[in-house]
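Numbering (our numbering), first residue to last: 36 to 204. We treat Cβ as the ideally placed atom computed from N, Cα and C, and that holds for glycine. Report on the structure given below.
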């Protein structure tokens, strides 16, 4: 069974989804791929410990603190390749960015391949089911441009500015 609750954030309403113990989803209202991969009905349940922990984490994040990803038990739903990409996203430091190409190089090396498509990485980043906490907003184009955020480019800009100040596109 999967459970849901909501969190009102500076970038809009967020839906949190849990399997009862782990956070499996954090979706920005109206984002692309909303609830992608979740096939079962969601039951409202506001008082799960993982939801309480996540809401406290989000409160601290939006207060410009740098809470650790390790404070929340995460279990994003996705295939092996996407899991590899999401693991790398979790390693991008607060206030820093990397590119799709850099992630592609790292994945290629991990998979013992000559190269990996930045577009394939972009697809996996775009399907990240735990927005903000798994920081897909920290991935930018090779020229530093703000590209491809499922929640919308303006929300990506807001999140990056929250972490590091004014961001130019």
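Identify, in the order they occur along the chain, each residue of the same chain with its Cβ nearer than 7 Å to the Cβ of residue i, setting aside the five sequence neighbours on each side.
i, result
"residue 170", "124, 127"
"residue 104", "125, 168"
Within 10 angstroms of the Cβ of residue i, are there 16 or more other Cβ atoms? Answer buried if so, exposed if not.
i, result
"residue 66", "buried"
"residue 139", "buried"
"residue 53", "buried"
"residue 146", "exposed"
"residue 114", "exposed"
"residue 166", "buried"
"residue 44", "buried"
"residue 198", "buried"
"residue 74", "exposed"
Hey, could you find the ends of the alpha helix (DSSP H) residue i is sitting in?
i, result
"residue 138", "135 to 145"
"residue 60", "Element bounds for residue 60: not the alpha helix (DSSP H) but the beta strand (DSSP E), 58 to 63."
"residue 161", "153 to 161"
Mind reading off the beta-carbon distance from residue i to residue j? Whole number of angstroms is fine, and I expect it under 8 Å.
i, j, result
"residue 149", "residue 143", "7 Å"
"residue 59", "residue 110", "5 Å"
"residue 195", "residue 188", "Between residue 188 and residue 195 the Cβ distance is about 10 Å, and since that is not below 8 Å, they are no contact."
Locate the beta strand (DSSP E) running through residue i, then write down its first and last residues.
i, result
"residue 78", "77 to 79"
"residue 40", "37 to 44"
"residue 197", "Segment 188 to 199 is the alpha helix (DSSP H) holding residue 197; no beta strand (DSSP E) there."
"residue 48", "47 to 53"
Hey, would you say the C-beta of residue i is under 7 Å away from at least one heavy atom of the ligand FAD?
i, result
"residue 56", "Looking for the ligand FAD in the displayed structure turns up nothing, as the structure carries no ligands at all."
Are the Cβ atoms of residue i and residue j separated by less than 8 Å?
i, j, result
"residue 162", "residue 57", "no"
"residue 51", "residue 37", "no"
"residue 176", "residue 133", "no"
"residue 83", "residue 47", "no"
"residue 42", "residue 90", "yes"
Among residues of its own chain, excluding the 5 on either side of residue i, which ones have a beta-carbon nearer than 6 Å to its beta-carbon?
i, result
"residue 102", "92, 95, 96"
"residue 40", "51, 81, 86"
Does any C-beta atom of chain D lie closer than 8 Å to the C-beta of residue i?
i, result
"residue 188", "In the structure shown, chain D cannot be found, because there is only a single protein chain."
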